[in-house]
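Numbering (our numbering), first residue to last: 1 to 308. Heads up, the beta-carbon is just placed ideally off N, CA and C, and yes, glycines get one too.
Structural data, given as structure tokens:
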């Protein structure tokens, strides 16, 4: 069943879904992405991953700064869509636009709703040490991820998985699920079901300040923090006043004053237990192993690291 669609997404997470819908033979009338933003040292405008994917497939791209303008909404209405597929777009769709496509606006959300409604469901799932995650395909309404559900698929979060690992799994899962769900919904094989009233949690937007390491916390908590914020915004501690990114670590045995280096294999004492530095990155430098970091700075057991 070939449908006339708009696709609305911006980051890497949305790219597999755009690819899958296009390769399934649907008519992608327009791809909406957030406008290019300054990035890098030169602050040159950089197109989003979704825009780059759409242009590589010769699909028309629209990058409005807002969807509130009457002319933007009129342009959307004129597409005469069967459905709009939304995946991590980053702009709020006004109620009028939600009603325009024949089948509605359908969202690919990276959690098992109603758990982790909001902006950062993948990171919050890792931070909370959830055992499972998944994808929910839902009809959008005016609320924050409150719309009725069309389908769900769950996945076990692998031991030691970081947010980036779960992101990649869910991006591919969402791509497969949206194609099948859209087919079944258009054929009236499934109907939308209201979300359960119980179990609602909110995934607040991630702030860079949340990545600051506090060595007085338990090693188990810091392990979740490091995994939850990898690769973005990353976790940091300080040594000699310089900020160091802690990219990967593991829980290990050891005790001492929080922030104290315990051995030459990178074990650092925490408020409870210890963490071993596996991968770190100094400002302006390449990523290296924890052992190479210690050797490069000629650090010895007893050296102190400060909070981030």
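Buried versus exposed, by CB contacts within 10 Å (16 or more), residue i
i: residue 264; result: exposed
i: residue 204; result: exposed
i: residue 27; result: exposed
i: residue 295; result: exposed
i: residue 116; result: buried
i: residue 245; result: buried
i: residue 124; result: buried
i: residue 253; result: exposed
i: residue 100; result: buried
i: residue 312; result: Because residue 312 is not part of the residues shown, which for the chain are 1 to 308, the question remains open.
i: residue 138; result: buried
i: residue 1; result: exposed
i: residue 215; result: buried
i: residue 129; result: exposed
i: residue 16; result: buried
i: residue 286; result: exposed
i: residue 182; result: buried
i: residue 154; result: exposed
i: residue 120; result: buried
i: residue 92; result: exposed
i: residue 9; result: buried
i: residue 147; result: buried
i: residue 195; result: buried
Inter-residue CB distance, residue i and residue j (contact presumed, cutoff 8 Å)
i: residue 50; j: residue 18; result: 6 Å
i: residue 150; j: residue 192; result: 6 Å
i: residue 136; j: residue 113; result: 4 Å
i: residue 249; j: residue 276; result: 6 Å
i: residue 56; j: residue 31; result: Contact flag wrong, Cβ pair sits at about 11 Å.
i: residue 230; j: residue 118; result: With 8 Å as the limit, residue 230 and residue 118 do not qualify as a contact, their Cβ atoms being about 20 Å apart.
Sub-8 Å separation of residue i and residue j beta-carbons
i: residue 237; j: residue 174; result: no
i: residue 267; j: residue 13; result: no
i: residue 234; j: residue 211; result: yes
i: residue 67; j: residue 94; result: yes
i: residue 270; j: residue 219; result: yes
i: residue 25; j: residue 126; result: no
i: residue 132; j: residue 156; result: yes
i: residue 242; j: residue 289; result: no
i: residue 140; j: residue 86; result: yes
i: residue 273; j: residue 306; result: no
i: residue 251; j: residue 221; result: no
i: residue 217; j: residue 247; result: no
i: residue 88; j: residue 11; result: yes
i: residue 5; j: residue 29; result: yes
i: residue 335; j: residue 98; result: The question about residue 335 has no answer, for the chain in this structure spans 1 to 308.
i: residue 261; j: residue 297; result: no
i: residue 78; j: residue 178; result: no
i: residue 109; j: residue 168; result: no
i: residue 143; j: residue 111; result: no
Residues that residue i bridges to, as DSSP identifies them
i: residue 58; result: Looking at the DSSP assignment, residue 58 forms no beta bridge with any residue, so it has no partner.
i: residue 244; result: 237, 282
i: residue 7; result: 31, 85
i: residue 268; result: 261, 275
i: residue 109; result: 136
i: residue 288; result: 280
i: residue 45; result: 38
i: residue 163; result: According to DSSP, residue 163 bridges with nothing at all.
i: residue 202; result: 117
i: residue 304; result: 260
i: residue 218; result: 272
i: residue 178; result: Its beta-bridge partners do not exist; DSSP assigns none.
i: residue 151; result: 137
i: residue 193; result: 149
i: residue 212; result: 236
i: residue 250; result: 276
i: residue 63; result: Bridge partners of residue 63: none, in fact.
Proximity test, residue i beta-carbon vs the ligand FMN heavy atom, cut-off 7 Å
i: residue 285; result: The ligand FMN is absent from the structure shown, which contains no ligands of any kind.
Three or more C-beta pairs under 8 Å: does that hold for the segment 153–163 against the segment 69–85?
no
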